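Residue numbers (mature numbering (1 follows the signal peptide of the UniProt record, and there is no 0)): -24 to -1, 1 to 229.
Yeah, the Cβ is synthetic: ideal placement off N, Cα and C, and Gly gets one too.
Bear in mind that the values here come from a model prediction, so they are computed numbers and not experimental data.
Working notes, beginning with the structure itself.
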């Protein structure tokens, strides 16, 4: 009986190992919707009208940061020390590539009147993500006065985009390159008609995204598909040394 108990314990350990190796990093809730709520909260505090939460713009914002992460070979290199993203895709990509990849109806594509993109390595909440750009604090080395002035200028510029009176709608994208990588987010604003621009095909569903989150009124959770699981052969190879160690420890061999 004792041998059976040890064997059962061994099998449980191996099962937990395989489960952990195959489980992708998860983002709980929908941080993209939270970002939109924060934007509208700041506008309300300045007595400005709330912006419509646009799923089409949100999906395009997710495409934007996905492009940036791909350009940097995995995402980490694109995130600078001051929480800015060192990436500027061609301007035409926003409306010509990202809209198409999301399934935005071509006749409804309109002007993008503003955009903000940022990242953060140690904080996962959307409020922290936005604050990383709005906070007037210096980061990195160099002349302290110059760094603080630059940070203040960046914060002022970001706030002016958020409080733009020309905007009518906004969409947010939120993603993480990998389990231990930095978080990325993007906000796209538009001055087009809130009821007739950036509409998604397929009854508002558009094209399914394979990773990350984008804002939409009916998306209470981040329901994009998870990253691909490791191939069973690779998982088994990684687990083999630990399996042998456990067998030796439990005296099953």
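Shown here for residue 150: same chain residues with a beta carbon closer than 6 Å to its own, the five before and five after excluded, namely 7, 8, 161, 189 in chain order. Segment contact: the stretch 35 to 43 against the stretch 68 to 83, three or more CB-CB distances shorter than 8 Å; contact assigned.
Boundaries of the alpha helix (DSSP H) around residue 10: 7 to 21. Less than 7 Å divides the Cβ of residue 79 from the Cβ of residue 182. With a threshold of 16 other beta carbon atoms within 10 Å, residue 156 falls short and is exposed. Residue 134 sits buried, since 16 or more C-beta atoms from the chains shown fall within 10 Å of its C-beta.
44 is the residue among 44, 83, 57 whose C-alpha sits nearest the C-alpha of residue 69. Straight-line spacing of the CA atoms in residue 170 and residue 22 works out to 21 Å. Under the DSSP definition of a beta bridge, residue 150 partners with 161, 189. Annotation for residue 55: no alpha helix (DSSP H) segment contains it, and DSSP assigns it neither H nor E. In the structure shown, the three-state DSSP call for residue 179 is helix. Cβ-Cβ distances below 7 Å link residue 97 to 55, 158 in the same chain, with the five nearest sequence neighbours on each side left out; the list follows chain order. Under the three-state reduction of DSSP output, residue 79 falls in the coil class, being neither helix nor strand. With respect to the C-alpha of residue 192, the residue from 146, 89, 19, 83 having the closest C-alpha is 146.
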